[in-house]
Amino acid sequence: MCFINGLLFVTILIEKSLRKRKEMIVMSGMALADFILGSGAFLLGTYRVCVSVTGHDNESATNWECARLPPIILINMGLQMTAVMNLVVSIDRLTSVKWPGKYQSFSAKYIKRLIAPVWLFFAASLSAMLLSSYINDPPATQTLMCLGGPFKLWYSRFQFLFIIAVEYVSVIIYIQVFVLYKKLLGNF
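Just so you know, we're using the UniProt record's numbering here: the sequence shown kicks off at 1 and counts up by one.
Dropping the structure here:
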């Protein structure tokens with residue numbers, strides 16, 4: 001999946017005609033989020049196998065040493081990105097079903113304006129994530145395997161609750177999309 005989503009993102013990025021379509025911009029954002037999450041999972045698995053095979057799995061590491069590993073960053077940002085991009089897709093679908101005429105007149109700028117705050121959020125969240133491990137980092141509380149969360153408890157709680165809340169909101173929006181779609185078809 002990681003490879004396929006990467007190819008999809010690059011294809012949309014390269015092909016100018018695809019970049020002009022609202023739906024493709026949303027799909028590229030979702031593909032990028034899935035690619036980041038999948039890459040992080042693959043790289044973290046590879047890292048842990050290498051650490052284990054070389055016999056360094058019980059060596060001490062600080063939370064900061066684990067938190068700044070690219071696979072850890074990719075997984076944590078990918079988790080949030082997929083949740084938020086699901087929400088963006090939900091909002092886009094609701095807009096297209098609730099106001100179909102208006103939606104057709106929207107340009108690709110509509111989606112870009114919808115996605116821009118998402119990237120600002122990720123920058124802020126990444127900063128908070130890294131700072132939560134860097135500030136007041138106790139010495140050697142992990143092993144090089146980096147099992148368990150290297151982040152402060154408040155950040156881990158925020159991330160967990162944020163992802164759940166965003167996914168619930170996405171489902172609620174999709175229920176509205178379903179009801180509106182059925183009403184439009186006259187089947188409800």
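The beta-carbon is built from N, C-alpha and C at its ideal position, and this holds for glycine as well. Please read all numbers here as calculations on a predicted model, not as lab measurements.
Expected contact under 8 angstroms - CB spacing of residue i and residue j to nearest Å
i    : j    : result
V118 : V166 : Their Cβ separation, rounded to whole angstroms, is 11 angstroms, which puts V118 and V166 out of contact at 8 angstroms.
Q80  : Q142 : Not quite, the Cβ-Cβ distance comes to about 22 angstroms (not below 8 angstroms), so this is no contact.
M129 : R48  : No, M129 and R48 are not in contact; Cβ-Cβ is about 20 angstroms, not under 8 angstroms.
Range covered by the alpha helix (DSSP H) that runs through residue i
i    : result
N86  : 70-98
C146 : Looking at the DSSP string, C146 is not in any alpha helix (DSSP H), and its letter there is neither H nor E.
I135 : Unbroken run through I135: none, as it is neither H nor E.
D34  : 22-53
G6   : 2-14
K183 : 153-185
Beta carbon of residue i nearer than 9 angstroms to that of residue j
i    : j    : result
A67  : P150 : yes
L37  : I12  : no
L94  : I25  : no
L84  : F42  : Note that residue 84 is Val in the sequence shown, not Leu. No; because the gap between Cβ atoms is not below 9 angstroms, this pair is not in contact.
K22  : S107 : yes
Y181 : V97  : yes
Y155 : W64  : no
G45  : M77  : no
N86  : S170 : yes
I72  : L126 : no
L114 : D92  : yes
S132 : K152 : yes
P139 : T82  : no
N58  : D34  : no
DSSP three-state assignment for residue i, whether helix, strand or coil
i   : result
S60 : strand
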